Every structure is written in structure tokens, then in C-alpha cells.
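Enquirer: For the sequence shown, the working numbering begins at 3 and goes up steadily by one. Think of the CB as a built atom: it goes at the ideal place given N, C-alpha and C, for glycine as much as any other residue. Note that the coordinates shown come from a computational prediction; the quantities given were computed from them, not determined experimentally.
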Amino acid sequence: MAAELVEAKNMVMSFRVSDLQMLLGFVGRSKSGLKHELVTRALQLVQFDCSPEVFKKIKELYETRYNKKGSEVAPPPPAPPRAEALALHSSYDRGSAVPRTLPAASIDYPALYGKYLNGLGRLPPKVAKPEVRLVKLPFYTTLDELLKPTELVPQNNEKLQESPCIFALTPRQVELIRNSRELQPGVKSVQVVLRICYTDTSSPQEDQYPPNIAVKVNHSYCSVPGYYPSNKPGVEPKRPCRPINLTHLMYLSAATNRITVTWGNYGKSYSVGLYLVRQMTSAELLQRLKTIGIKHPELCKALVKEKLRLDPDSEIATTGVRVSLICPLVKMRLSVPCRAETCAHLQCFDAVFYLQMNEKKPTWMCPVCDKPAPYDQLIIDGLLSKILTECEDADEIEYLVDGSWCPIRAEKERSCSPQCPILVLGSSEVNGLLATPNGTGENGKAPADVVDLTLDSSSSEEDEEEDEEEDDDDEGPQPKRRCSYEKGLVSAC
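1. Excluding sequence positions up to five away, which residues of its chain have a Cβ less than 8 Å from the Cβ of S271?
2. Is the region 327 to 337 in contact with the region 345 to 356, if contact means three or more CB pairs nearer than 8 Å?
3. Do you know offhand how far V263's Cα is from S165's?
4. In this structure, does DSSP put A285 in helix, strand or coil?
5. Run the CB neighbour count on I294, radius 10 Å, all protein chains shown included, and call it buried at 16 or more, exposed below.
6. With a 10 Å radius around its C-beta and 16 neighbouring C-beta atoms as the bar for buried, classify R2 as buried or exposed.
7. Quick one: grab the DSSP three-state call for S387.
8. For D352 and R241, I'd like the C-alpha separation in whole angstroms.
9. Identify the continuous alpha helix (DSSP H) that holds Y356 and give its terminal residues.
10. Can you give me the Cβ contacts of V48 inside the same chain, cut-off strictly under 7 Å, excluding the 5 residues immediately before and after it?
11. Beta strand (DSSP E) containing S326: first to last residue?
12. Given a threshold of 16 other Cβ atoms within 10 Å of its Cβ, counted over all protein chains shown, does C302 qualify as buried or as exposed?
13. For K339, is the classification buried or exposed, using 16 other Cβ atoms within 10 angstroms of its Cβ as the cut-off for buried?
14. Leaving aside the five residues before and after Q281 along the sequence, list all residues of the same chain whose C-beta is less than 7 Å from its C-beta, in chain order.
15. I'd like the list of long-range same chain contacts for L254, defined as Cβ closer than 8 Å, with 5 residues on each side in sequence excluded.
16. With H, G and I counted as helix, E and B as strand and the rest as coil, what does DSSP make of C302?
17. Report the CB separation of Y268 from P213 in whole angstroms; it is logged as a contact under 8 Å.
18. Going by alpha carbons, who is nearest to D378 out of L327, N360, V219 and E343?
19. Per DSSP, which residues does D146 bridge with? Please list them.
20. Per DSSP, what kind of secondary structure is F17 in: helix, strand or coil?
21. Among residues of its own chain, excluding the 5 on either side of K297, which ones have a beta-carbon nearer than 7 Å to its beta-carbon?
22. Below 8 Å, how does it come out for the region 398 to 409 and the region 357 to 374: are there three or more Cβ pairs, yes or no?
23. Using CA atoms only, rank isn't needed, just tell me which of L196, L162 and N158 is closest to T144.
24. List the whole-angstrom C-beta distance separating I168 from V219, where the pair is believed to meet the contact cut-off of C-beta under 8 Å.
25. Look up F50 in the DSSP assignment and give the residues it is bridged to.
26. Label P245 either buried or exposed according to how many other C-beta atoms from any shown protein chain fall within 10 Å of its C-beta, with 16 as the threshold for buried.
27. DSSP puts W265 in a beta bridge; with which residues?
28. Sort K131, T320, L348 and K307 by Cα distance to L327 and report the nearest one.
29. Can you tell me where the beta strand (DSSP E) with R197 in it begins and where it stops?
30. Just to confirm before moving on: does the CB-CB distance between R43 and R31 stay below 9 Å?
31. Would I387 be called buried (16 or more neighbouring beta carbons within 10 Å of its own) or exposed?
32. Could you give the distance in angstroms between the alpha-carbon of S16 and the alpha-carbon of Q207?
33. Between which two residues does the alpha helix (DSSP H) harbouring E208 extend?
34. Tell me the rounded alpha-carbon separation between L104 and I60.
35. Do you know offhand how far R335's Cα is from L288's?
36. Distance check for P54 and M24, CA to CA, integer angstroms please.
Here is the structure:
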């Protein structure tokens with residue numbers, strides 16, 4: 003069966019547009035599109051739905067095509083795809099203006115190409131062009147690659163360009179989508195997503211949208227994530243570049259789906275890819291982390307000793323390091339202490355809240371040191387997890403040089419005892435202190451001046467103003483009064 007599939011693919015690769023259209027029309031598939039689209043559709047047919055009738059039709063079209071050329075030229079036998087391209091290559095005979103086709107079995111490569119390769123007598127090695135790679139996303143598990151990252155090529159000098167893509171889902175892929183659970187109403191966990199990135203082969207690329215992007219699936223436009231509002235003046239709003247879910251607009255059958263990407267051509271090159279993925283939740287990632295990401299307490303203890311080991315080049319000896327049991331993200335007690343293996347600190351954050359925050363807005367930055375902390379580098383601190391169960395009455399601990407630890411409990415606030423007795427205004431004690439300015443208090447000392455704070459300052463000022471007005475009417479203008487209390491006030495404590 004495998005040999006028949008290879009033979010059928012090789013025959014399909016040699017078909018002309020008319021042959022491809024006849025084959026696709028025979029099985030009820032769409033016959034419209036460019037040749038490379040027809041070839042892709044026909045190869046998918048051979049790969050996934052090649053029945054005996056389809057194979058017979060392919061062979062019939064193949065034999066019909068070569069029988070028309072005449073008996074002098076025998077049809078080339080099936081060969082591997084790369085060799086097939088060479089077998090169908092027309093060489094030019096110097097003695098005749100008619101191109102001829104050489105059978106693959108009788109091709110003499112040195113004789114054909116040696117004189118064009120500086121006498122090397124062999125084909126030049128084909129340099130494999132590096133492919134664009136996209137970064138792996140923790141919340142998406144790739145099931146199938148429907149379209150490898152392909153560069154968006156502008157067709158003219160216009161700023162707005164359109165790039166179409168045609169493909170069909172296999173019955174297995176359709177079943178995966180239909181049988182998957184719903185993350186929310188109308189959103190399946192198995193999805194067909196479109197990813198766009200810069201055309202850069204040097205390293206895996208993150209998702210990046212081109213300007214003026216619009217995605218049309220069959221006859222409907224798909225929603226693309228918008229911009230985050232910016233509260234800072236002068237700062238442009240950022241756009242979250244995520245995979246675009248196309249599933250709800252696709253034909254979940256053997257019918258052909260057409261996707262058109264509209265994009266702005268402003269000098270930068272972009273590539274698009276189509277993937278069948280399963281979207282994960284933060285709870286599922288947390289469970290996976292608990293299964294494979296827990297670091298043994300002894301290993302964590304060895305790391306503490308390494309951090310506190312005496313450095314001979316340092317003049318300061320570190321005897322301990324404090325670690326908070328409060329998550330820096332939500333200011334709550336840690337439940338699943340977590341950090342990245344690449345982080346240099348011992349302080350942890352809560353894995354539950356960290357995964358939930360990255361599910362809504364993926365940044366994957368450590369909240370402690372503000373350095374990258376991707377999911378595949380996260381570990382659960384086994385030692386700190388043990389400490390959290392043993393130490394429930396403290397919010398901070400201190401690691402010691404031998405790897406042990408001790409809790410640091412908050413000191414109770416000291417009660418502030420008054421420096422002088424508190425006097426209740428209006429009591430007999432206060433009345434005893436209210437002596438005349440020329441009088442003396444106990445032990446012959448001058449009594450302290452006391453101000454009665456129960457008096458209404460505004461009403462006293464009004465009474466004084468009325469008295470002054472009456473005096474002015476009777477005796478004329480009087481000099482200003484001096485306050486009888488020339489000393490300081492009694493301390494409030």
C-alpha cells in the first residue's frame with residue numbers, strides 16, 4: 003500500500019492543470035485555483051482518501067497523457083519526488099529545436115550538466131534553506147501542522163496585500179475537533195489556529211502581527227485580538243499577538259476551506275502557519291508542573307548551602323538569607339512555591355496565580371527579579387513546600403549556612419507608656435492645678451499653665467469681640483490684651 007501511495011503521488015506531481023482538474027472533479031473536489039493549489043489538494047486526496055477507484059483514475063490519466071506523445075518516447079517510470087522533478091526537466095538538444103524528455107533511468111548527470119558546472123562532472127549539492135520556526139506556546143499543544151510557516155509575498159506595490167491559502171481537513175482531524183470538550187460556550191479545546199511571525203530563520207520567532215491585519219475564513223472575517231489600552235501619556239498601546247482561532251468559521255468536513263490574510267506591506271517580511279492544536283488551561287499546566295516539576299527538598303537544601311557558602315574573595319560573610327512566605331504577586335501566603343531554574347534568588351512566587359495571570363496576558367516574567375521565567379523552566383521548591391506545612395504562624399523564614407531554617411515572627415508592638423500622668427479635663431485634679439498666675443503649687447514650685455480644651459475657640463473669640471466692642475463704645479479704643487498664660491502648654495501625653 004505504501005508503494006502504491008508513493009507511485010500515485012509521483013504521478014500526481016507530473017500532472018498538468020487539466021489532469022489535476024479532471025482528477026479533482028472526479029471526486030467532487032473544487033477545481034478552481036492555481037496549479038500549486040491544485041497539486042496540494044490532489045496530494046491530500048492521495049494521502050488521506052486514496053480509494054482503489056481514485057488510484058485507478060490517477061493511473062488512467064497518467065497513461066493517457068504519455069500515450070499522446072507517441073510510441074517513440076516511453077513514459078518515465080515512477081521515481082522519488084526529487085528525481086521526478088529532474089526526470090521531467092526538458093533538456094535542450096543543440097541539433098534540434100524540439101525539447102525532449104529523458105527517462106529517469108537513463109539520465110546521465112555528468113553528461114548533461116558537467117559542461118555547465120566547470121567540468122566537475124556532478125550536480126552541485128542542494129543547500130537546504132533554513133525554515134522559519136515559531137516558539138512553543140505552553141497553553142497550546144500542537145497536534146498537526148497544516149501549513150508550514152510560509153512567507154507572505156507582495157504581489158504588487160500596493161500597501162495592502164492579500165494572500166490566499168486553501169486546505170481541507172482530514173476525517174481524523176474533523177473528529178478530533180468535534181469530540182473535544184468546550185473551554186467555554188462555542189470554543190472547543192481542539193482548534194485550527196493561524197500564527198504569524200517575522201520571517202527570521204536565526205531563532206524561534208514569537209507571534210507578531212503585520213500592520214492592518216485582517217483574516218477572512220471562507221466568507222466571514224475572523225476577529226483578531228485588539229490593543230491593550232495605555233494609561234501612560236505618550237506610550238503607544240500594545241497589541242497581544244496570539245494564535246488566531248479559525249475553528250468556528252471553518253467547514254468541519256472534507257470541503258475545502260479558503261483563508262485570506264490581508265496585511266500591510268511596509269518593508270518587513272512576515273510568515274504564516276496553520277496548526278491543529280489543543281488549548282490547555284492553567285489548571286492543566288499546574289497539574290503537569292506538580293507531576294514533573296517538583297525539585298527534591300535535599301536538592302533545594304544543597305542550593306541554599308551553595309548560596310550561603312563563604313566566598314574567599316568577599317570581605318562580608320553571609321550568615322543567613324531571609325525568604326518571605328508571602329507571594330509577591332497577590333500578597334497572600336504561598337500555596338505552591340515556584341521559581342525559574344534560571345533565577346539566582348531563593349524567593350518563590352505562587353505557581354497558581356502565576357499561571358492564571360499568564361493565561362490571560364502571557365508575559366512569562368519573574369515577579370521577583372523581572373527576568374524571563376518560561377513555563378518549561380519552572381520548578382516547585384520542595385524544601386519551601388515542606389516549610390509551609392510545618393510553619394503556619396510565621397510569614398518569613400531565614401535560611402542558615404548549614405541549610406537549616408528558622409521562622410521569623412513579627413515582634414509585638416510595644417505599648418507606649420506616658421511620660422506624665424494623663425489628666426481628665428474637668429476633674430478635681432485639673433481644677434487643683436488651675437491656680438492664679440502669682441500663686442504657687444506644691445513644694446513651692448510654680449504651677450503649670452493649663453488650657454481647657456473643652457472651650458469652644460470660636461465662641462470665646464466672639465465673646466471677646468463683643469466685649470471689645472462694648473468697651474470701645476464706653477471708653478474708646480483700648481490696647482490689645484496680653485495672654486495671661488505665658489508658659490507652654492501641658493503635654494498631651
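Expert: In brief:
1. Hits under 8 Å: E153, L154, Y200 and T201.
2. Touching, per the Cβ criterion.
3. Rounded to the nearest angstrom, the two C-alpha atoms are 5 Å apart.
4. For A285, the secondary structure class from DSSP, reduced to helix, strand or coil, is helix.
5. Flag for I294 reads exposed.
6. There is simply no residue 2 to check, as the chain begins at 3 and stops at 495 in what is shown.
7. It is helical.
8. Rounded to whole angstroms, D352 to R241 spans 27 Å at the Cα level.
9. Counting along the chain, the alpha helix (DSSP H) containing Y356 begins and ends at A353 to K362.
10. Excluding positions up to five away in sequence, the list reads L7, A10, K11 and V14.
11. For S326, the enclosing beta strand (DSSP E) starts and ends at G322 to S326.
12. C302 comes out buried.
13. Checking the sequence shown, residue 339 turns out to be Pro, not Lys. Buried, because 16 or more other Cβ atoms sit within 10 Å of the Cβ of P339.
14. Leaving aside the five residues that flank Q281 on each side, the residues in its chain whose CB is nearer than 7 Å to its CB run, in chain order, F141, Y142, L185, S191 and Q193.
15. Annotation for L254: L171, V176, I179 and R180 place their beta carbon closer than 8 Å to its own, counting only its chain and skipping 5 residues before and after.
16. Correct three-state label for C302: helix.
17. So it is a contact: roughly 6 Å between Cβ atoms.
18. For D378, the closest of L327, N360, V219 and E343 by C-alpha to C-alpha distance is E343.
19. According to DSSP, residue pairing for D146 in a beta bridge involves L278.
20. Shown here, F17 sits in coil according to DSSP, grouped into three states, outside any helix or strand.
21. Excluding residues within five positions, the ones whose Cβ falls inside 7 Å are I381, I382, D383 and G384.
22. No: the two stretches stay apart, fewer than three of their Cβ pairs being nearer than 8 Å.
23. Relative to the Cα of T144, the nearest Cα in the group L196, L162 and N158 belongs to L196.
24. Actually they are not in contact, since the Cβ atoms of I168 and V219 sit about 12 Å apart, beyond 8 Å.
25. Bridge partners of F50 according to DSSP: none are assigned.
26. Looking at its Cβ environment, which holds 16 or more other Cβ atoms inside 10 Å, P245 is buried.
27. DSSP output for W265 lists Q163 as bridge partner(s).
28. Of K131, T320, L348 and K307, the residue nearest in Cα terms is L348.
29. First-last of the beta strand (DSSP E) with R197: V192 to Y200.
30. Contact annotation: R43 and R31 have beta-carbon atoms nearer than 9 Å.
31. The sequence given here places Ser at residue 387; Ile does not occur at that position. Buried is the call here.
32. Straight through space, the alpha carbons of Q207 and S16 are spaced by roughly 35 Å.
33. Counting along the chain, no alpha helix (DSSP H) covers E208, and no H or E run does either.
34. Bear in mind that a pLDDT of 38 at L104, under 50, signals an unreliable position, so the number given afterwards is only what the model happens to contain. Looking at the two C-alpha atoms, the distance is approximately 22 Å.
35. When rounded, the distance between both Cα atoms is 18 Å.
36. Rounded to the nearest angstrom, the two C-alpha atoms are 17 Å apart.
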